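What follows is a set of notes on a single structure, which appears directly below.
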Amino acid sequence: MSIMPRSNHWWNVVAVDGEWRMMDCSLAAPSNPKRAAYSAVGSSMADGWWFLARPTEICWTHIPEHHGQQHICPPVAHEILLNLPCACPPFFRNEIQMFDYNSSLTRIEDLEMVHINFNVPEDVEVAAEVEVRAFTRDPDGDVFESGETVKKRALAQAEWFNGVKRFTVKALLPGDEGQGILKIYAGKRGLMHSIKDIPHPLAFALPIIHTGENPEYEFVTRHPTPHAQRHDIYVVQPQCQRLALNNTFVFAIRQHPSSAGASTLTPSSNPGNVSPIPFVRPSSAMSMTASSASGSNPSTASSGYPGNKKPAKLAIQTPGGKILRLMRKDDRKGVGAGTARASDEEASDGGTWETIIKCSEKGTWRGLVLADRTARWCVFAEWVCA
């Protein structure tokens with residue numbers, strides 16, 4: 002029995018200068034009712050990407066019945082192509098590359114989470130959300146689809162590894178839904194000014210299948226910082242949004258210059274990097290060591306940081322407005338979040354800043370970064386203490 006589903010589409014193949022190219026005039030046309038699922042181009046024009054597309058790119062969405070019609074040497078097995086993410090033109094326009102991907106990453110059980118990594122150029126930013134079909138219950142108690150969709154934001158953050166910018170996306174399904182779609186949006190850095198709207202087109206999508214219990218969980222709220230673009234910021238912990246009142250937490254933030262040419266850092270210049278265990282929902286980062294944060298030193302240490310790129314000043318703001326500065330991790334070795342990564346975990350570039358705080362105030366706690374050109378703070382993260 003063939004793994005291939007029944008054919009439902011057609012396209013053309015042309016030879017240009019001795020190379021095979023694909024043309025899908027049907028999907029490129031604005032009159033195609035399915036084009037909106039693959040393209041963000043306006044309804045008054047055709048999407049030029051579908052003209053003369055490379056065989057190795059179009060195969061992410063177009064899988065011919067016969068291997069010879071792939072025009073890829075050697076041909077790729079159908080089961081491999083069918084398990085690739087559904088990639089739209091922005092995936093290739095933004096030169097996104099999947100990192101260590103396999104389809105099992107999107108099949109999760111109980112308290113697991115989806116954990117996807119992919120490399121991007123330094124001038125690309127990413128947003129992500131999970132979309133599921135909404136269900137409702139009739140007076141007789143029967144459950145049925147309401148026709149609406151429910152969206153849940155995912156956590157998308159950038160790190161750097163050996164001079165390459167890599168996004169990590171963590172996602173969960175809302176409520177008791179058993180399946181949904183993880184949508185990744187990508188575009189030029191600096192265009193996203195608020196988390197209310199995503200200005201970028203859909204780059205690729207992945208199905209999520211979840212079995213078992215799925216208690217309510219929200220990731221830390223990450224805000225874009227259009228006025229602080231010189232550094233990429235990664236919240237190591239806490240990655241959960243809710244903080245327990247009167248408990249002590251380690252706030253650990255990793256940063257790296259947003260331009261690869263400005264950095265000469267290597268993993269060895271950033272001792273003590275930590276990262277949550279992959280695939281497991283991050284905990285509240287509760288510290289075993291209680292400490293007062295009021296004595297934290299400013300995050301001005303520049304050890305291991307290139308001279309032409311000073312590290313960004315980072316701080317945590319309490320609900321009452323008090324600002325607690327973060328200090329560089331290697332100035333407090335052995336304190337807080339740990340001193341080493343797991344042996345099989347790759348160390349990132351950049352440096353880690355942290356502080357230990359007892360959250361004794363209810364309300365919103367904010368992560369702050371100093372703006373590039375003005376002496377004002379920009380909010381990059383929010384937690385809720387209740």
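Those letters in the sequence shown? Residues 2 to 387, per this note's numbering, in order.
Every residue, glycine too, gets a C-beta built ideally from N, C-alpha and C.
Given the structure is predicted, the values throughout are model-derived calculations rather than measurements.
Length of the line joining the Cα atoms of residue i and residue j
i    : j    : result
F119 : N33  : 30 Å
K359 : I117 : 32 Å
I196 : L246 : 26 Å
D124 : T137 : 42 Å
A159 : Q230 : 13 Å
W354 : S361 : 22 Å
R326 : Q240 : 19 Å
R36  : K363 : 47 Å
F220 : D18  : 50 Å
W378 : P6   : 54 Å
A157 : T222 : 10 Å
R108 : R367 : 33 Å
E383 : N9   : 46 Å
D139 : A41  : 36 Å
L207 : I199 : 18 Å
T365 : L82  : 45 Å
Y186 : H201 : 6 Å
D331 : R255 : 12 Å
Q242 : V236 : 11 Å
Exposure label - residue i; buried when at least 16 CB within 10 Å
i    : result
Q71  : buried
E217 : exposed
V251 : buried
T388 : In the structure displayed, the chain extends from 2 to 387; residue 388 sits before or after that span and is not available.
L183 : buried
A78  : exposed
C74  : exposed
A16  : exposed
S259 : buried
F1   : Nothing in the structure corresponds to residue 1, since the chain is present only between 2 and 387.
Q238 : buried
L203 : buried
I4   : exposed
P312 : buried
N13  : exposed
N103 : exposed
F381 : buried
Q98  : exposed
G213 : exposed
The beta strand (DSSP E) enclosing residue i, as first and last residue numbers
i    : result
L369 : G364 to L371
I109 : R108 to E110
P208 : L203 to T212
P258 : N248 to P258
C360 : G352 to C360
S147 : V144 to R154
W378 : W378 to C386
N95  : N95 -> no beta strand (DSSP E), and no H or E assigned at all.
H116 : V115 to V121
Coarse secondary structure for residue i, derived from DSSP in three states
i    : result
W161 : strand
K184 : strand
Q242 : coil
K330 : helix
Q70  : helix
T57  : helix
R134 : strand
L28  : helix
I81  : helix
R231 : coil
R374 : coil
A16  : strand
A261 : helix
A41  : coil
Extent of the continuous alpha helix (DSSP H) to which residue i belongs
i    : result
C89  : Unbroken run through C89: none, as it is neither H nor E.
H194 : Per DSSP, H194 belongs to no alpha helix (DSSP H) and is neither H nor E.
L315 : It is not in any alpha helix (DSSP H) - L315 instead sits in the beta strand (DSSP E) that spans L315 to Q318.
H10  : Neither: H10 is in no alpha helix (DSSP H) and is coded neither H nor E.
Within-9 Å CB hit, residue i to chain B
i    : result
F162 : Here chain B cannot be found, since the structure has a single protein chain.
Heavy atom of the ligand SAH within 8 Å of residue i beta-carbon
i    : result
T353 : This structure does not include the ligand SAH; it has no bound ligands of any sort.
Does the stretch 122-141 come into contact with the stretch 75-92, if we say contact requires no fewer than three beta-carbon pairs (one atom in each stretch) closer than 8 Å?
No: the two stretches stay apart, fewer than three of their Cβ pairs being nearer than 8 Å.
Is the number of C-beta pairs between the stretch 47-54 and the stretch 87-107 that are closer than 8 Å three or more?
When C-beta atoms of the stretch 47-54 are compared with those of the stretch 87-107, three or more pairs fall below 8 Å, so the two segments count as touching.
Could you check whether the stretch 160-168 touches the stretch 135-152, counting it as contact only if at least three pairs of C-beta atoms, one from each stretch, sit closer than 8 Å?
Short answer: they don't touch.
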